[in-house]
Amino acid sequence: MGVTSTHDLRVRAGEFLSRPGAAVLLDLDGTLVDSEPMQRAAFAAYFASRGWDVPETVVRQFMGRRGRESFAAIQGPWAGEDPVALTDAVIALTDPLTHPPVAVPGAAEAIRAWRERGLPVSLVTSAFRTWAEEALELLGVVGLGVRLVTAEDTPVGKPAPAPFLLGAERLGVDPADCLAAEDSVAGLASARAAGVGLAIGVTTSLDADTLTGAGADAVVPDLTALAP
């Protein structure tokens with residue numbers, strides 16, 4: 001059953017995280033740091049440089065997934081090309097000066113509060129470790145013991161369950177005792193397949209109906225409601 005108000009969600013999340021063995025698994029891009037505009041702009045610039053007319057609905061399918069797996073799985077004019085080379089070309093066009101990533105409201109505060117309570121927290125991201133570490137600096141939460149699961153760590157990425165399963169494993173907890181926050185369909189599918197106990201959708205990239213349909217128990221505009 002979905003949560004219908006900020007108060008209800010804060011209560012539900014608080015109760016969930018108060019039980020023994022509870023932990024938090026967090027997506028990065030679009031959940032903690034709003035970097036999706038930067039990423040979409042990089043994809044759009046690369047597609048334009050190739051003369052490819054790729055609809056925005058298709059570009060959105062890349063969000064929340066590893067680039068190389070997206071190029072291999074999503075139909076488009078790149079069929080038959082090396083997905084790793086395609087991904088590298090898109091990354092090269094990423095421009096944080098034109099589209100600077102910004103912290104999602106409540107993200108840093110929630111992480112600090114959870115860690116102060118002794119709750120284990122891990123990022124579970126399709127991004128590479130270098131960006132994940134930079135994002136922790138941007139949020140101002142370096143040194144708080146936040147663990148990382150990044151693109152280098154699992155043989156397959158989201159929407160497969162492997163990233164969230166590894167996140168729970170590294171925290172030494174059962175996935176069913178984890179609250180997960182995600183902003184993408186692929187991410188929610190991954191969290192649900194891993195068996196997380198409470199999945200929160202963040203509407204920085206997609207609308208509430210889409211995230212609810214993807215398996216979110218509740219949907220919020222940012223992480224303010226999750227900060228204890």
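For the sequence shown, full-length UniProt numbering gives the first residue as 1, with consecutive numbering after it.
Even glycine gets a Cβ: it sits at the ideal position worked out from N, Cα and C.
When DSSP labels each residue in this structure, what does Leu-119 get in the three-state scheme? Stepping through the sequence shown from its first residue, residue 119 is reached at position 119. In the structure shown, Leu-119 sits in coil (DSSP, three-state: anything other than H, G, I, E or B).
Residues sharing a beta bridge with Val-24, DSSP: Locating residue 24 in the sequence shown gives position 24, counting from the first residue. Partner(s): Val-121 and Leu-179.
Glu-69: buried (16+ other C-beta within 10 angstroms of its C-beta) or exposed? As a first step, residue 69 must be located in the sequence shown, where it is residue number 69. Classification for Glu-69: buried.
What residues in its chain sit with their C-beta under 7 Å from that of Pro-163, if we drop five residues either side in the sequence? Residue 163 sits at position 163 when you count from the first residue of the sequence shown. Excluding residues within five positions, the ones whose Cβ falls inside 7 Å are Val-124, Val-149, Thr-154, Gly-157 and Ser-190.
Residues near Gly-2 in its chain [Cβ-Cβ closer than 7 Å; skip 5 each side]: Here residue 2 is taken as the residue at index 2 of the sequence shown, counted from 1. Note on Gly-2: pLDDT 49, under 50, position unreliable in the model; the coordinate value appears next. Cβ within range, chain order: Thr-212, Asp-217 and Ala-218.
What span of residues does the alpha helix (DSSP H) with Val-58 cover, start to end? Along the sequence shown, read from residue 1 onward, the residue named residue 58 stands at position 58. Membership of Val-58 in the alpha helix (DSSP H) is indicated by the continuous run 56 to 59.
CA nearest to the CA of Glu-78, picked from Ser-49, Val-102 and Met-63: Residue numbering aside, residue 78 sits at position 78 when the sequence shown is read from its first letter. According to the sequence shown, residue 78 is Trp rather than Glu. When only C-alpha atoms are compared, the closest one is Ser-49.
What is the DSSP secondary structure of Ile-74, counted as helix, strand or coil? The sequence position of residue 74 within the sequence shown is 74, counting from 1. DSSP places Ile-74 in coil when its eight states are reduced to three.
Here's a check: name, in chain order, each residue in its chain whose Cβ is nearer than 6 Å to the Cβ of Phe-71, leaving out the five neighbours to either side. Counting from one through the sequence shown, the residue named residue 71 turns up at place 71. The residues Trp-78, Pro-83 and Leu-86, in chain order, have a CB closer than 6 Å to that of Phe-71 in the same chain once the five nearest residues on each side in sequence are set aside.
Assign Ala-218 to one of three DSSP states: helix, strand, or coil. As a first step, residue 218 must be located in the sequence shown, where it is residue number 218. Strand at Ala-218.
When Ala-73, Ala-42 and Ala-193 are compared against Ala-89, the one with the closest alpha-carbon: For the purposes of this step, residue 89 is taken as the residue at position 89 of the sequence shown. The candidate whose alpha carbon is nearest that of Ala-89 is Ala-42.
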